[in-house]
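Just remember that our numbering sits 21 ahead of the position in the sequence shown, which is counted from 1.
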Amino acid sequence: MNLPLKRLWLHVLNLLIGVNIGYANERLGLDLTTPSMTDGHPAKGLRVRQVAPEYVGTEVYHSLYLPEDWENGKKHPVLVEYTGNRFIEAGSTGQVKDANFGYGLSGGKRFIWICMPYIKKSGQENEVMWWGDREATIQYCKDNLPRICQQFGGDSKNIFICGFSRGAIACSYIGLADNEISSFWKGMITHDHFDGQKQWGYPQDGRSYALKRIARLKGKPVLVCGKHAEYLKNYQSLAQFTFLPVPTREIFQIPEGKVTHPHTDMWAHRQSTTRQIARDWLLQNAGLN
Numbered sequence: 022m023n024l025p026l027k028r029l030w031l032h033v034l035n036l037l038i039g040v041n042i043g044y045a046n047e048r049l050g051l052d053l054t055t056p057s058m059t060d061g062h063p064a065k066g067l068r069v070r071q072v073a074p075e076y077v078g079t080e081v082y083h084s085l086y087l088p089e090d091w092e093n094g095k096k097h098p099v100l101v102e103y104t105g106n107r108f109i110e111a112g113s114t115g116q117v118k119d120a121n122f123g124y125g126l127s128g129g130k131r132f133i134w135i136c137m138p139y140i141k142k143s144g145q146e147n148e149v150m151w152w153g154d155r156e157a158t159i160q161y162c163k164d165n166l167p168r169i170c171q172q173f174g175g176d177s178k179n180i181f182i183c184g185f186s187r188g189a190i191a192c193s194y195i196g197l198a199d200n201e202i203s204s205f206w207k208g209m210i211t212h213d214h215f216d217g218q219k220q221w222g223y224p225q226d227g228r229s230y231a232l233k234r235i236a237r238l239k240g241k242p243v244l245v246c247g248k249h250a251e252y253l254k255n256y257q258s259l260a261q262f263t264f265l266p267v268p269t270r271e272i273f274q275i276p277e278g279k280v281t282h283p284h285t286d287m288w289a290h291r292q293s294t295t296r297q298i299a300r301d302w303l304l305q306n307a308g309l310n
């Protein structure tokens, strides 16, 4: 069966019986397709919208994906993602519902994948550009990550934070903001940008502040993908940094489909040596190799 026919067959199956088309694509050697977010009940292979008790009646939400091999009563490692900014040129909406990176890293298997929101200063919806109410964003993760792990079998000792672009910065700016939230993470994966790389103009974005945050890793493993984090090579004592170049212009013939800009996290949705290295790193550090 040629590739167009395979894609058509998978699309028909997805419409008729609700199979996870993204996971099926990978098994056939095609690009992953991130499952669309729904308002249904959590179940393996589904990605659902959830509203925290504190935000009922608002448009603030996070997304939850249970892997294809999820089992009730079993502990599962967890990937927590923060999205990039809205950046139309690169196809990024900044929305939780459109996150991709964590799904690409896991391939839809073994890891519970959660995309956390940034909360607007109004407290009524998610922020798509920069940080909104930073303290509310941090507190949201502190309140909801333990709840989700308890309810759905997330292994609280095996949680990784990840993000692309703004999300890569957020891994530290949000995820290492204080000792409490820093204690959640077993490791970190970033792509394109990093806290302290440059000053963007928001509070405490200078390198001296960033280094204090990064020190809260206390030597934990960090996979630094892509560009804009070279300065970290001078601070190897703060974490176990592994640097992974991502040749997006070799992985894609840009513009190609939804990939219209080299600043993209969609490389994790396509088979490549780079993706395999990233996945091997994740599996090894999660104790799954």
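Note that beta-carbon positions come from the ideal geometry of N, C-alpha and C, so glycine has one too.
Here the structure is a predicted model, which is why all the values come from computation and not from measurement.
F122 versus L309, N306, T285 and T295, residue with shortest Cα-Cα distance: Taking the sequence shown and counting its residues from 1, the one referred to as residue 122 is at position 101. Nearest of L309, N306, T285 and T295 to F122, Cα basis: T285.
For G123, the three-state DSSP class (helix, strand or coil): For the purposes of this step, residue 123 is taken as the residue at position 102 of the sequence shown. DSSP places G123 in helix when its eight states are reduced to three.
Contained beta strand (DSSP E) runs [length at least 3] in the segment 204–238, N- to C-terminal order: 208–212
Beta-carbon spacing of T186, N106 below 8 Å: Along the sequence shown, one-based indexing puts residue 186 at 165. Along the sequence shown, one-based indexing puts residue 106 at 85. Note on residue identity: the sequence assigns Ser, not Thr, to residue 186. Yes, these two residues count as a Cβ contact at 8 Å.
Presumed contact (8 Å Cβ cut-off) between A299 and L126, rounded CB distance: Mapped onto the sequence shown, residue 299 falls at position 278. Mapped onto the sequence shown, residue 126 falls at position 105. 6 Å between Cβ atoms; contact.
The segment 246–254 in contact with the segment 71–91 per 3-pair CB rule at 8 Å: no
Euclidean distance between Cα positions of G61 and S258: In the sequence shown, the residue the question calls residue 61 occupies position 40. In the sequence shown, the residue the question calls residue 258 occupies position 237. Taking the straight line joining both Cα atoms gives about 45 Å.
Alpha carbon of I133 to alpha carbon of L265, nearest angstrom: Position 112 of the sequence shown, counting from 1, holds the residue named residue 133. Position 244 of the sequence shown, counting from 1, holds the residue named residue 265. Spanning the two alpha carbons is a distance of roughly 24 Å.
Alpha carbon of L309 to alpha carbon of G128, nearest angstrom: Locating residue 309 in the sequence shown gives position 288, counting from the first residue. Locating residue 128 in the sequence shown gives position 107, counting from the first residue. As the crow flies, the alpha-carbon of L309 is around 14 Å from that of G128.
Range of the contiguous beta strand (DSSP E) that encloses L85: Taking the sequence shown and counting its residues from 1, one reaches residue 85 at position 64. Taken as a continuous stretch (DSSP letters only), the beta strand (DSSP E) holding L85 covers H83 to Y86.
One or two residues paired with I182 in a DSSP bridge: Position 161 of the sequence shown, counted from the first residue, corresponds to residue 182. Per DSSP, V101 and M209.
Cα-Cα separation, S204 to I210: As a first step, residue 204 must be located in the sequence shown, where it is residue number 183. As a first step, residue 210 must be located in the sequence shown, where it is residue number 189. Computed Cα separation, rounded: 16 Å.
M137 beta carbon less than 8 Å from that of V101: Residue mapping note: residue 101 aligns to position 80 of the sequence shown, counting from 1. Residue mapping note: residue 137 aligns to position 116 of the sequence shown, counting from 1. Yes, Cβ-Cβ distance for V101 and M137 is below 8 Å.
W288 beta carbon less than 8 Å from that of T294: Along the sequence shown, one-based indexing puts residue 294 at 273. Along the sequence shown, one-based indexing puts residue 288 at 267. No, they are not a contact pair.
Nearest residue (CA-CA) to L303, options F273, R168, K65 and C246: What you label residue 303 is simply residue 282 of the sequence shown in a count that begins at 1. For the residues F273, R168, K65 and C246, the minimum Cα distance to L303 belongs to C246.
C-alpha gap between K279 and R131, whole angstroms: Position 258 of the sequence shown, counting from 1, holds the residue named residue 279. Position 110 of the sequence shown, counting from 1, holds the residue named residue 131. Distance between the alpha carbons of K279 and R131 is about 26 Å.
Same chain, Cβ closer than 8 Å to N200, five either side skipped, listed in chain order: Taking the first residue of the sequence shown as position 1, residue 200 is located at position 179. Excluding positions up to five away in sequence, the list reads R237.
Spatial distance of S57 from Y161 (CA atoms): Here residue 57 refers to the residue found at position 36 when the sequence shown is read from its first residue. Here residue 161 refers to the residue found at position 140 when the sequence shown is read from its first residue. Spanning the two alpha carbons is a distance of roughly 23 Å.
G144 versus Q116 - alpha carbon distance: Within the sequence shown, numbered from 1, the residue matching residue 144 stands at position 123. Within the sequence shown, numbered from 1, the residue matching residue 116 stands at position 95. So the two alpha carbons sit approximately 16 Å from each other.
When E146, L85, S113 and G175 are compared against G78, the one with the closest alpha-carbon: Taking the first residue of the sequence shown as 1, we reach residue 78 at position 57. The candidate whose alpha carbon is nearest that of G78 is E146.
Beta-ladder partner(s) of C246, from DSSP: Position 225 of the sequence shown holds residue 246. Beta-bridge pairing links C246 to H212 and L265.
Q225 versus L51: straight-line alpha-carbon distance, rounded: Translated into the one-based positions of the sequence shown, residue 225 becomes position 204. Translated into the one-based positions of the sequence shown, residue 51 becomes position 30. Going from the Cα of Q225 to the Cα of L51 covers about 42 Å.
Boundaries of the beta strand (DSSP E) in which V298 is found, first to last residue: Working through the sequence shown from its first residue, we reach residue 298 at position 277. Looking at the sequence shown, residue 298 is not Val but Ile. Per DSSP, I298 is not a residue of any beta strand (DSSP E); the alpha helix (DSSP H) it occupies stretches across T294 to N306.
8 Å Cβ cutoff met for I275 and H282: Position 254 of the sequence shown holds residue 275. Position 261 of the sequence shown holds residue 282. Yes, the pair counts as a contact, with Cβ atoms nearer than the cut-off.
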